[in-house]
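Student: Residue numbers (this note's numbering): -6 to 581. Can you keep this structure in mind? I'll have questions shortly.
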RNA sequence: CGGGGCGUAGCUCAGUUUGGUAGAGCACCCGUUUUGGGGGCGGGAAGUCGCAGGUUCGAAUCCUGUCGCCCCGACCA
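Okay, here's the thing in C-alpha cells:
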C-alpha cells in the first residue's frame, strides 16, 4: 500500500496550536492526525485513523488469542437497562442524556455492562454455555466536568471493553487471568510502560480489581510503589501499623493554655515555647493529633458526623477518604454542623477532656471517632482539650482515649513503609490505561442473568469486566515517544512502515523513487511517499520528522548512482544504503 | 462548580488602553528563482473581528447580556 503526500488529506502546522498544552495533543494536531471539533471531541484524519486502527488491531489480535469474541453494541441506548441497575441516577450528570421524538429517555453509553449482560441473558440459559468472554471496540461518551489534554480526557473516546461470564468463582478467576495476561501482551506490543496496581473495587461493588497504570508526568492518578515490587493505587495503600507501646509508667496528660493556636503550626510553636519536651528535642507536627470533622451522607440520605484523627504532619487525603467511607459521600463539616454540635470546639477538638471522653460511642457527643492506623496503643499526642484555647499533651492512646476504629485517610508520603514490608515507597504520577475487574454477580443479579446448573437449578452467573482506552493509549504512546522534532511511532502501530522522501527537481530522481516505492509496495510494505514537486527538502524533512514514521528513506543526492540515505527516526541515525539493499532491509 | 486567561484569515498573533477605511508572519493560489533542513522576489485569494442588544455621525475598540474555548483546582466506570 502506498500513500502519496501529493494527494494525502494532510496539512501539517508550523506553529503550536494555542489550545494544546500537553505533548501528545500538540503533536497530534500539528502533525495532522486529529482536529478538534468541540471541547473533548476530535475528528480523525487519515494519518490518525491509520494509527488508531493499528492500536485496535493489536488489541483485537490479543483478545481473539485469549478466546474472546468480538461483538458491537449501539452507542445510543434506551434508559431501561440502566434504570434497573440504578445507574441512570447514580451516574448523575456525567452521562449525555437525550429524548427521542416520543420523549423516551435515552443515553449515550458511558460503558456497556448492562447491555452485554442482557445480551447473554437473551441467548444463554445453561451452565454448558459458559464460560464466555465477549468484547467490543466502541465509542464511549461521558460529559466530563473538564475535558482536557486532547485525547487523554475526552468526552467521546474509544474503548475496548470485554466482559466474561462464568458459572463459578474459579471460572471467573480463570477468565480474569486470561484477560490480565492478554493486557500484559497488549501493552508490551504497544511499547507502553506500565505497572499493575491493586485498585479499590468499592464503587462498582466487585471483589478484585487491578489497574494498568502508565507512569507519566501528565497523569492524573498517583501510584505508590517501590523497587521491590510493591505497587498500589494511592486509594488502596494500607498503612504499615507500628507495634503498640506499653503504657506502664507513662506520665499523665497535662492540659495547657494555648490561646490563638487554631492551626498545627501555631500549636507546635506554642508547645515548644511553653512546655518543651523533657528530652530536649523540639516538638514537631508529627507529635500532634489533628482531628478533622467530616459529614457523611449515606446512600439512604441520612447524615452523620465523624471525626477522623491523623498525625498533625499529615493531611486528610480526599481520595482516600472517599474510598474509606464509600458508598457514603464525605465532605468537610459545615458551620451548621458545628453549630448543631456545641461539644465540638472548632480548632481545639480532641477525643479527651478533663471531664471525660468527648468522641466515640460512650462519649459526651457520641460522634464516631476513627483514628489513623499509626495511632496505636501507647503513642502519646498533643491534641485539643475540647476547650477554646486549650490543648492537652501526653495523651496516651489506649489509656486516655480509644478510637472506634481505624481509617486510611491520611496522605501517603514518599518514604512511607510499604505494607508488605518491602521498604520505603515512592509516589509517581500515572495514567490509567487499562482496568481488569471481577464484577462478581452484581449486574447478573440486578438484570436476572442466571443459568441452569447440572441439577436443573438456577444459578446466578458471575462476571468480569475489562477495559482498555484505545484513543487514550494512542495519546499515551505519543507522550512517551516523541522528541522536539515530532512523534516517534513504535513500528507496531506506526501509520506506515517507511516514509520515502524524494528530493530535488530532477525528474530522473523521482523516477528512481517511483520504482523503489513500487518495489516496497510489492513486498507488502505500507509506504508513505513524499512525491511532492517544488517542495523544498527542508520542508519534506520537517514533515517526515513530525509525522514520525520509524524509517525515512531519502532518495535525492546520489540517487542516480544508486546511493540513498536511511534515517532512523528514533535514534536520529542516518546511514547510506545502496538501492539494491533497500528491499532486504525492509523484508518482513 | 470555584479561580485565571482567551475569542480578529487555515495556524500563530498585533490592533482594543485613547472609537475614524481590517493588519502581520506562516500556510494557500499564480509567476519567477532556488533545491539536503520549514529559502528569495513579485502578485493574489482569504476574515459576519464569537453572538445579540445598546451608546455614537461612526464600534474589533465603549456599555449590557450571552455563547464558546484553554489552563489550575474540585470532579472523573
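In this text, a Cβ means the ideal position worked out from N, Cα and C, and glycines have one as well.
Can you tell me whether residue 65 is buried or exposed? The criterion is at least 16 other CB atoms within 10 Å of its CB, across all chains shown.
Tutor: Exposed, by the Cβ-count rule.
Student: Going straight from the alpha carbon of residue 241 to that of residue 388, what length do you get?
Tutor: Whole-angstrom Cα-Cα distance: 13 Å.
Student: Would you list, in sequence order, the uninterrupted beta strand (DSSP E) runs of no fewer than 3 residues that lie entirely inside the stretch 419 to 480?
Tutor: DSSP runs (the beta strand (DSSP E)) wholly in the stretch 419 to 480: 419 to 433, 443 to 445, 451 to 453 and 455 to 462.
Student: With burial defined as no fewer than 16 other Cβ atoms inside 10 Å of the residue's Cβ, what is the status of residue 325: buried or exposed?
Tutor: So residue 325 ends up on the exposed side.
Student: Are there 16 or more other CB atoms within 10 angstroms of the CB of residue 517, so buried, or fewer, so exposed?
Tutor: Residue 517 is exposed by the Cβ-count criterion.
Student: Among the residues of its own chain, which have a CB less than 6 Å from the CB of residue 56, if the five just before and after it don't count?
Tutor: Taken in chain order, the residues that qualify are 128.
Student: With DSSP collapsed to three states, give me the class of residue 515.
Tutor: Of the three classes helix, strand and coil, the one that applies to residue 515 here is helix, per DSSP.
Student: Given a threshold of 16 other Cβ atoms within 10 Å of its Cβ, counted over all protein chains shown, does residue 196 qualify as buried or as exposed?
Tutor: Residue placement at residue 196 is flagged as unreliable, the pLDDT there being 42, under the threshold of 50; a coordinate-derived value is accordingly withheld.
Student: Could you please give me the residues that DSSP links to residue 591 through a beta bridge?
Tutor: For the chain, the structure presents residues -6 to 581; residue 591 sits outside this window and is missing.
Student: List the residues that DSSP assigns as beta-bridge partners of residue 325.
Tutor: Answer is 287.
Student: Roughly how many angstroms separate the alpha carbons of residue 448 and residue 122, rounded to a whole number?
Tutor: Taking the straight line from one Cα to the other gives about 15 Å.
Student: Quick test of your reading: residue 502 and residue 545, contact by CB under 8 Å. State the CB separation rounded to the nearest angstrom.
Tutor: The Cβ separation is near 16 Å, so there is no contact.
Student: Exposed or buried, residue 124, counting other C-beta atoms within 10 Å across all chains shown (16 or more means buried)?
Tutor: Residue 124 comes out buried.
Student: I believe residue 155 touches residue 18 by the beta-carbon criterion, under 8 Å. Please report the beta-carbon distance rounded to the nearest angstrom.
Tutor: Not a contact, Cβ separation roughly 28 Å.
Student: Confirm, please, whether the CB-CB distance from residue 126 to residue 157 is below 7 Å.
Tutor: Closer than 7 Å, so yes.
Student: Taking the runs of the alpha helix (DSSP H) that are 4 residues or longer, which of them lie wholly in the stretch 166 to 244?
Tutor: DSSP runs (the alpha helix (DSSP H)) wholly in the stretch 166 to 244: none.
Student: Quick one: Cα of residue 565 to Cα of residue 213, how far?
Tutor: If I take the Cα positions, the gap works out to 32 Å.
Student: Would you check if there are 3 or more beta carbon pairs closer than 8 Å linking the stretch 455 to 475 to the stretch 16 to 31?
Tutor: Yes: the two stretches touch, three or more of their Cβ pairs being nearer than 8 Å.
Student: Comparing alpha-carbon positions, which option in 250, 89, 169 and 234 lies nearest residue 133?
Tutor: For the residues 250, 89, 169 and 234, the minimum Cα distance to residue 133 belongs to 89.
Student: Could you give the first and the last residue of the continuous alpha helix (DSSP H) run that contains residue 109?
Tutor: Where residue 109 is concerned, the enclosing alpha helix (DSSP H) stretches over 106 to 116.
Student: According to DSSP, which residues form a beta bridge with residue 567?
Tutor: Looking at the DSSP assignment, residue 567 forms a beta bridge with 560.
Student: Report all residues from its chain with a CB closer than 8 Å to the CB of residue 579; omit the five preceding and five following residues, and keep chain order.
Tutor: Excluding positions up to five away in sequence, the list reads 490, 491, 513, 516, 518 and 544.
Student: So residue 305 and residue 283 are in contact, right, with Cβ under 8 Å, and what is the actual spacing, rounded?
Tutor: Their Cβ separation, rounded to whole angstroms, is 5 Å, which keeps residue 305 and residue 283 in contact under 8 Å.
Student: At the level of alpha carbons, what is the spacing between residue 245 and residue 233?
Tutor: Spanning the two alpha carbons is a distance of roughly 28 Å.
Student: Which residue marks the beginning of the beta strand (DSSP E) containing residue 297, and which one marks its end?
Tutor: Run containing residue 297: 296 to 304, per the beta strand (DSSP E) assignment.
Student: Which same chain residues end up closer than 6 Å to residue 392 when comparing Cβ atoms and leaving out the 5 residues on each side of it in sequence?
Tutor: So the list reads 240, once near-sequence residues are dropped.
Student: Just checking my contact of residue 352 with residue 300 at CB under 8 Å: how many whole Å lie between their CB atoms?
Tutor: About 5 Å separates the two Cβ atoms, so the contact holds.
Student: With residue 487 as the anchor, note down where its alpha helix (DSSP H) starts and where it stops.
Tutor: Unbroken run through residue 487: none, as it is neither H nor E.
Student: Give a yes or no on contact between the stretch 35 to 54 and the stretch 157 to 171, applying the rule of three or more CB pairs nearer than 8 Å.
Tutor: No: the two stretches stay apart, fewer than three of their Cβ pairs being nearer than 8 Å.
Student: First and last residue of the alpha helix (DSSP H) that includes residue 17?
Tutor: Note, residue 17: alpha helix (DSSP H), 16 to 23.
Student: Would you call residue 207 buried or exposed, if buried means 16 or more other Cβ atoms sit within 10 Å of its Cβ?
Tutor: It counts as buried.
Student: Since residue 20 and residue 539 are thought to touch, with beta carbons under 8 Å apart, how far apart are those beta carbons, to the nearest angstrom?
Tutor: Confirmed, Cβ separation roughly 7 Å.
Student: Between residue 216 and the ligand SAM, is the CB less than 6 Å from at least one heavy atom?
Tutor: The model depicted lacks the ligand SAM and carries no ligand whatsoever.
Student: Quick one, which of 541, 574 and 497 has its alpha-carbon nearest residue 556's?
Tutor: Minimum Cα distance to residue 556 is reached at 574.
Student: Could you check whether the stretch 251 to 271 touches the stretch 442 to 460, counting it as contact only if at least three pairs of C-beta atoms, one from each stretch, sit closer than 8 Å?
Tutor: No, because fewer than three Cβ pairs between the stretch 251 to 271 and the stretch 442 to 460 fall closer than 8 Å, the two stretches do not touch.
Student: Just to confirm my understanding: we take residue 92, look at its own chain, exclude 5 residues before and 5 after, and list those with CB closer than 8 Å. What are they?
Tutor: Excluding residues within five positions, the ones whose Cβ falls inside 8 Å are 98 and 99.
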